[in-house]
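Visitor: Here it is: the structure, laid out below.
2 protein chains.
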Amino acid sequence: MPPLLDSNVTKIQSDWQERCARRKHVQTELIPPEWVIELPPKSQLNVMDVPRNCGLLSGLELEITETVDVQTILDKLRRAEWSSVQVTTAFYKRAIIAQQLTNCLTEIFVERALGRARELDEHLAKTGNVVGPLHGLPISLKDQFTMKGLETIMGYARWIGNYADSDCVLVEILYQCGAVPFVRTNVPQTLMWGETMNHVFGRTLNPYNLAFTPGGSSGGEGALIAMRGSPLGVGTDIGGSLRIPAAFCGLYTLRPSYARLPYSGAMNALEGQESISSVLGPMANSLSGVKIFTKAILDAQPWLLDPLVMRKGWAEDEYRLIHHGEGGKLCFAIMWDNGVVKPHPPLHRAMVLTKKALEAVGHEVIDWEPHRHLEIYKNAETIFAADGGHDYRAQCEGFEPLIQTMSPTTDSHENALDEPLVKGLVGEPYHRTAHESHLDHWRATKSRTSTGRPVDAIIAPAVAYTAVPHGLNTFDSFYTTLCNALDYACSLFPVTFVDPEVDDPHPPHRFYNHEDEHIYKLYNSELFPGCPVGLQLIGGTQEEEAVIGMTEIVAEALDKMNEVHRRS
Amino acid sequence: MPPLLDSNVTKIQSDWQERCARRKHVQTELIPPEWVIELPPKSQLNVMDVPRNCGLLSGLELEITETVDVQTILDKLRRAEWSSVQVTTAFYKRAIIAQQLTNCLTEIFVERALGRARELDEHLAKTGNVVGPLHGLPISLKDQFTMKGLETIMGYARWIGNYADSDCVLVEILYQCGAVPFVRTNVPQTLMWGETMNHVFGRTLNPYNLAFTPGGSSGGEGALIAMRGSPLGVGTDIGGSLRIPAAFCGLYTLRPSYARLPYSGAMNALEGQESISSVLGPMANSLSGVKIFTKAILDAQPWLLDPLVMRKGWAEDEYRLIHHGEGGKLCFAIMWDNGVVKPHPPLHRAMVLTKKALEAVGHEVIDWEPHRHLEIYKNAETIFAADGGHDYRAQCEGFEPLIQTMSPTTDSHENALDEPLVKGLVGEPYHRTAHESHLDHWRATKSRTSTGRPVDAIIAPAVAYTAVPHGLNTFDSFYTTLCNALDYACSLFPVTFVDPEVDDPHPPHRFYNHEDEHIYKLYNSELFPGCPVGLQLIGGTQEEEAVIGMTEIVAEALDKMNEVHRRS
């Protein structure tokens, strides 16, 4: 926690709104005036096309920013077809457009980023060599990753003026790799929300529907990358904070296991709570971005800089699925319903599509039988609440009110629930820990596959619904938290979009609990058309490489099915 | 904790001595009468030669048990030159000799082990193939590693009758690998002593001098393996429990980092204390045994059975020192003195010998500058004592007294100290955790080496002295605990033996503290002649493979120097 910066706490207490407004004004002033665009009419809720149509970006800048495959961008940078200054400028302009539409940024530092890009261009011109595997690539960072000389505010009024005197280890490695950190992105106050709003920088909006949340807590990254305002971003995840915005914004992400990517030096909430640790991971419009980031950081031997990172570099043989039939037939299990909350119709359709796509290319798909899911979810929530909110209150005290709801209109909106979760839970007796018995359960699927192995991965929703109106994402982590608690490596991949033509409401089922009923009633396909629908691919602990490899297989199968559909 | 097995606790309370004596009697009855030897006279303190001279072992059995290189034994088993029944019988007989001399065993199960050996022999005869990389090899296990159908008493009267209904994961994997678990070995009550004595099985003695302790807590393994009663044993280490007995008994061992070898299902002390975790590791008379065990377990993918094990198999490239100049010139740093307690003269001589040996074959040796050593030691001790001894008391309550001293004669012997450790410690302010700043400190040695790298490993004492009379090993972990607290992988290797001709007492120095003065005064080279002297080689966290690879280099350098000496 940064030190108190002002002595007169009482004065500040009354001034917090002004203090936040001053800081927000500084941010606005950092936008180059020539990058200010004319905003679309308020009635236009989907702003995904604005960058293409607003006239700020040149043809080349549109080409650069709409190059989804990160490897292609890196190749062009390496061959000096595009300079880093060109690429960084293009993404910066688009990020500033995204900022004006969705309010996704915190720190803006155009000169510093372009100075870095220029140095990299000069190095390449002079030596003929790239600095590292991410040479010249602009990378956006969630507002936890400290950079020397910049503030890290992380959604707290108290932290205004919290200038870092060194880079966190991730940023140090990104520099070694030749990257260009170029913006930092918005988070919710406390980090522990599935939406993105705080008193300093305000609320981040979903570019598919500005009335909707991009999710959280890495929601600034979600909105920014969805708008192609960054080719690659870094967020964090303790209960779904990478996967929720990736699902709500149509992105790829990877939630790695605890000890693989270096968190040291980054700011965080709930420091000292180590039962379920926050992890950092990449977010991108392409799976290549996810792979390239993960491989670059692991190849840089992060354990030399962060003693909590395990000594294991990128395992190419695991990426090539050495433990999963070496690229032969795989068997996936689909978690249609975790027995706690039933997914909305678009999620169900996404799972049906994925099953068909995988079977069409020769893989096997069976049903996943949930195991201790509710118990694990509840235990995780208990761990997150173990300090009784002390950390949050301590950061807010004397500076600003603690945010109690993400609803834009009221402190207790119509969908707020005050009944407790799942009144009737009766614990079953288990002789093994959840980690052990869940692994046993997974291994036992061997008897149901034709591969001679347990199922290679689980495919599941990340959230039971797609993006929702601000304030309504209150029960988001039933499907994500399993992986945090058991430390399973997992990805999120986009599958489709909500389509009112086919996503009819399901008939009511016998509700598992109050929340299940609430979520069932939330669904109205007319509210959600066009929202992205994504799914998780869940692998074993520390199986990052194989999770990426298997997600590639799933994504290719989905692409192939879509092509067949287009042709027919 | 196993359940109470008897309802009448009060009755048991008065009967604990009888209860323990009954269990000890059962153990004695399990020794085949034809393996009972005539004991040497009481005045003979060094019993290392008894197995060779007592007449129980045939020529072949002596050849088998004195084959120190585990690879050679495995090769002969694979080629059926020796059957597993022959090898197991030979080591079992020698283990029973060791038991009669040093009281090193707990569980004895001759028929079961020979039955297993017979099955393996039949499998090999029938299929021509070995079952796994440890085919036919007898392996001894510290009395924590549960085996189905056997008791795990772990030094507690309460745990008598605690039969396991399944194998722990380590044993499961050892069976997969073709090993023959054949005895279990003694531990101290509570496991948290550097000596080995409990009320059920009594005290384990050091075969180099029966009046001395073999160390602890893996002291049963130490005495057994020193007598060649087992080719390979498995112990555990939370503060030095592998390295202390290895040092006091002249063995090799490896203390791996926390998450590499599977502890799941084994019994342990202080369950729930996860700040500094106990780890398991191999003990052997040869480094080949250490390597073969570690590789076999890692190659078996232990993470599939124990979710707390990291997903990283044996890394052959790290063993080949890919991150340490690939087998070229290395730079070691010697920790001559950690600034807390000064090592005894034989330890100093061992370090001088090692430095000379390494320099003679072209490696570099510089001085290690201790960093936060006392602070780390004290914090570790605080963690170990964090439950105020509740765990120990709970296990003893109603069954037996908690052991307060390892002294054989009295509850407060002449060397007991009641003054606190290091009265004058003043903490220095650090902005980084001990893990981070110790890693920084290590990395900064790059400026003092000629290799372009930080020092490749640290060479240090494990204990400031060699084996001592029973009850006197009260301050043993000043040098070992550093590695537990920082989770550095490290080995222990034997260097020499105490030699009164050259190991003159050092002149008194300005004592760092009370313990340092006490340890200085403990030294009397006439007391210790012939005791083994070993050192630690300390590598980075999770650097097991490189630690083994570098220890091989050190051991070969020492061998080469000894050969030169013998020739000259």
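Protein sequences, first through last, are from chains A and B.
The first sequence begins at 1 in full-length UniProt numbering and counts up one residue at a time.
The second sequence begins at 1 in full-length UniProt numbering and counts up one residue at a time.
Where is the CB? At the ideal position from N, CA and C, for every residue including glycine.
1. Give a single yes or no on whether F212(A) has its beta carbon closer than 7 Å to a heavy atom of the ligand GDP.
2. Between the alpha carbons of G128(A) and L77(A), how many angstroms are there, rounded?
3. From M515(B) to G328(B), what does the alpha carbon distance come to, in whole angstroms?
4. Residues in the same chain with beta-carbon distance under 7 Å from F293(A), minus the five sequence neighbours each way, listed in chain order, please.
5. When DSSP labels each residue in this structure, what does Q176(A) get in the three-state scheme?
6. Looking at the secondary structure, which residues open and close the alpha helix (DSSP H) in which A226(B) lies?
7. Determine the direct distance from the alpha carbon of Y465(A) to that of Y523(A), and round the result to whole angstroms.
8. For P343(B), which option in I459(B), Y520(B) and D391(B) has the closest C-alpha, if you only look at C-alpha atoms?
9. Please work out which residues of its chain come closer than 7 Å, Cβ to Cβ, to P420(B), disregarding the five sequence neighbours upstream and downstream, and give them in chain order.
10. State yes or no: is the beta carbon of P307(B) nearer than 8 Å to at least one beta carbon in chain D?
11. Considering only residues of the same chain and omitting the five flanking positions on each side of A246(B), which have a CB-CB separation below 7 Å?
12. So for F399(B), helix, strand or coil by DSSP?
13. Would you list the one or two residues that DSSP bridges to L141(A)?
14. Less than 8 Å between C-beta atoms, sequence neighbours within five positions excluded: which residues of the same chain meet that for W336(B)?
15. Look up M283(A) in the DSSP assignment and give the residues it is bridged to.
16. Strictly below 9 Å CB to CB, what residues from chain B border M197(A)?
17. Evaluate T106(A) with the Cβ neighbour count: other Cβ atoms within 10 Å of its Cβ, from every protein chain shown; 16 or more gives buried, anything less gives exposed.
18. Which word fits T409(A), buried or exposed, when buried means at least 16 other C-beta atoms lie within 10 angstroms of its C-beta?
19. Quick check: the Cα distance between G250(B) and H435(B), rounded to an integer number of angstroms?
20. With a threshold of 8 Å, are at least 3 pairs of Cβ atoms found where one atom belongs to the region 191-206 of chain A and the other to the region 391-409 of chain A?
21. Can you have a look at H565(A) and say buried or exposed, based on whether 16 or more other CB atoms are within 10 angstroms of its CB?
22. Using 8 Å as the limit for Cβ to Cβ distance, is K24(B) near chain A?
23. May I have the straight-line CA-CA distance separating A386(B) from T405(B), to the nearest angstrom?
24. So if DSSP puts C490(A) in a beta bridge, which residue, or which two residues, is it bridged to?
25. Find out if the Cβ-Cβ distance for the pair G136(B), V180(B) is shorter than 8 Å.
26. Could you name the residues of the same chain whose beta carbon sits closer than 8 Å to that of I334(A), not counting the 5 residues immediately before and after it, in chain order?
27. From A546(B) to I376(A), what does the alpha carbon distance come to, in whole angstroms?
28. Contact check, Y163(A) vs L150(A) under 8 Å by CB: the rounded distance?
29. Determine contact between the region 447-457 of chain B and the region 498-515 of chain B, defined as no fewer than three beta-carbon pairs at a distance below 8 Å.
30. Going by DSSP, what residue range makes up the alpha helix (DSSP H) through I73(A)?
31. Would you kindly work out how many angstroms separate the C-alpha atoms of I383(B) and D487(B), rounded to a whole number?
32. Is the CB-CB distance between G239(B) and T481(B) below 8 Å?
33. Hey, is S264(B)'s beta-carbon within less than 8 Å of any beta-carbon in chain A?
34. Out of curiosity, what's the CA-to-CA distance linking L159(A) and I31(A)?
35. So if DSSP puts C104(B) in a beta bridge, which residue, or which two residues, is it bridged to?
36. Name the two residues that bound the continuous alpha helix (DSSP H) containing F384(B).
Guide: Quick look at the numbers:
1. Ligands in the displayed structure: none, and consequently the ligand GDP is not present.
2. Stepping through the first sequence from its first residue, residue 128(A) is reached at position 128. Stepping through the first sequence from its first residue, residue 77(A) is reached at position 77. So the alpha carbons of these two residues sit roughly 12 Å apart.
3. In the second sequence, residue 515(B) corresponds to position 515, counting from 1. In the second sequence, residue 328(B) corresponds to position 328, counting from 1. The sequence shown places Glu at residue 515(B), not Met. Here the alpha carbon of E515(B) sits roughly 41 Å from the alpha carbon of G328(B).
4. The residue labelled residue 293(A) in the question sits at position 293 within the first sequence. So the list reads L232 and P282, once near-sequence residues are dropped.
5. Within the first sequence, numbered from 1, the residue matching residue 176(A) stands at position 176. In this structure, Q176(A) counts as helix in the three-state DSSP scheme.
6. If you number the second sequence from 1, residue 226(B) lands on position 226. Element bounds for A226(B): G219 to A226.
7. Position 523 of the first sequence holds residue 523(A). Position 465 of the first sequence holds residue 465(A). Those two C-alpha atoms are separated by around 8 Å.
8. Taking the second sequence and counting its residues from 1, the one referred to as residue 343(B) is at position 343. That would be Y520(B), whose Cα lies nearest to the Cα of P343(B).
9. If you number the second sequence from 1, residue 420(B) lands on position 420. Any reading at P420(B) must be qualified, since the residue scores a pLDDT of 44, below 50, and its modelled position is unreliable; the value itself is stated next. Excluding positions up to five away in sequence, the list is empty.
10. The chain labelled as chain D is not found among the protein chains of the depicted structure, namely A and B.
11. As a position in the second sequence, residue 246(B) is number 246, starting the count at 1. So the qualifying residues of the chain are G222, Y252, T253, M283, L492 and G534.
12. Taking the second sequence and counting its residues from 1, one reaches residue 399(B) at position 399. Three-state DSSP puts F399(B) in coil, outside helix and strand.
13. The residue given as residue 141(A) occupies position 141 in the first sequence. L141(A) is bridged to R184(A) and V234(A).
14. Counting from one through the second sequence, the residue named residue 336(B) turns up at place 336. So the list reads P343, H348, M351, D367 and W368, once near-sequence residues are dropped.
15. On the first sequence, residue 283(A) is found 283 positions in, with the first residue counted as 1. DSSP output for M283(A) lists G233(A) and T253(A) as bridge partner(s).
16. Against the first sequence, residue 197(A) aligns to sequence position 197. Going along chain B, no residue has its Cβ under 9 Å from M197(A), so there is no contact; the nearest lies around 32 Å.
17. One-based indexing of the first sequence puts residue 106(A) at position 106. Per the 10 Å Cβ criterion, buried.
18. What you label residue 409(A) is simply residue 409 of the first sequence in a count that begins at 1. Exposed, because fewer than 16 other Cβ atoms sit within 10 Å of the Cβ of T409(A).
19. The residue you call residue 250(B) lines up with position 250 of the second sequence. The residue you call residue 435(B) lines up with position 435 of the second sequence. Cα to Cα, the separation comes out at about 30 Å.
20. yes
21. Here residue 565(A) refers to the residue found at position 565 when the first sequence is read from its first residue. The residue in question, H565(A), is exposed, as its Cβ has fewer than 16 Cβ neighbours within 10 Å.
22. The sequence position of residue 24(B) within the second sequence is 24, counting from 1. Chain A contact via Cβ: absent.
23. In the second sequence, the residue the question calls residue 386(B) occupies position 386. In the second sequence, the residue the question calls residue 405(B) occupies position 405. For A386(B) and T405(B), the distance between alpha carbons rounds to 20 Å.
24. Taking the first sequence and counting its residues from 1, one reaches residue 490(A) at position 490. Answer is R255(A) and I538(A).
25. Translated into the one-based positions of the second sequence, residue 136(B) becomes position 136. Translated into the one-based positions of the second sequence, residue 180(B) becomes position 180. In contact: G136(B) and V180(B) (Cβ atoms closer than 8 Å).
26. Along the first sequence, read from residue 1 onward, the residue named residue 334(A) stands at position 334. If we look at I334(A) and ignore the five residues flanking it on each side, its Cβ neighbours are M351, T354, K355, V365, I366, D367, W368, I458, I459 and A460.
27. Along the second sequence, read from residue 1 onward, the residue named residue 546(B) stands at position 546. Along the first sequence, read from residue 1 onward, the residue named residue 376(A) stands at position 376. Distance between the alpha carbons of A546(B) and I376(A): 38 Å.
28. To locate residue 163(A), count along the first sequence from 1; it is residue 163. To locate residue 150(A), count along the first sequence from 1; it is residue 150. Yes, they are in contact, since the Cβ atoms of Y163(A) and L150(A) sit about 7 Å apart, within 8 Å.
29. no
30. For the purposes of this step, residue 73(A) is identified with residue 73 of the first sequence, where counting begins at 1. V70 to R78 is the extent of the alpha helix (DSSP H) around I73(A).
31. For the purposes of this step, residue 383(B) is taken as the residue at position 383 of the second sequence. For the purposes of this step, residue 487(B) is taken as the residue at position 487 of the second sequence. As the crow flies, the alpha-carbon of I383(B) is around 14 Å from that of D487(B).
32. The sequence position of residue 239(B) within the second sequence is 239, counting from 1. The sequence position of residue 481(B) within the second sequence is 481, counting from 1. In contact: G239(B) and T481(B) (Cβ atoms closer than 8 Å).
33. Taking the second sequence and counting its residues from 1, one reaches residue 264(B) at position 264. Yes, because at least one Cβ of chain A sits closer than 8 Å to the Cβ of S264(B).
34. Position 159 of the first sequence, counted from the start, is the residue given in the question as residue 159(A). Position 31 of the first sequence, counted from the start, is the residue given in the question as residue 31(A). Here residue 159(A) is Trp; the residue named in the question, Leu, does not match the sequence. When rounded, the distance between both Cα atoms is 22 Å.
35. Indexing the second sequence from 1 puts residue 104(B) at position 104. In DSSP, C104(B) forms no bridge with anything.
36. As a first step, residue 384(B) is located in the second sequence; it is residue number 384 there, counting from the start. Counting along the chain, the alpha helix (DSSP H) containing F384(B) begins and ends at H373 to F384.
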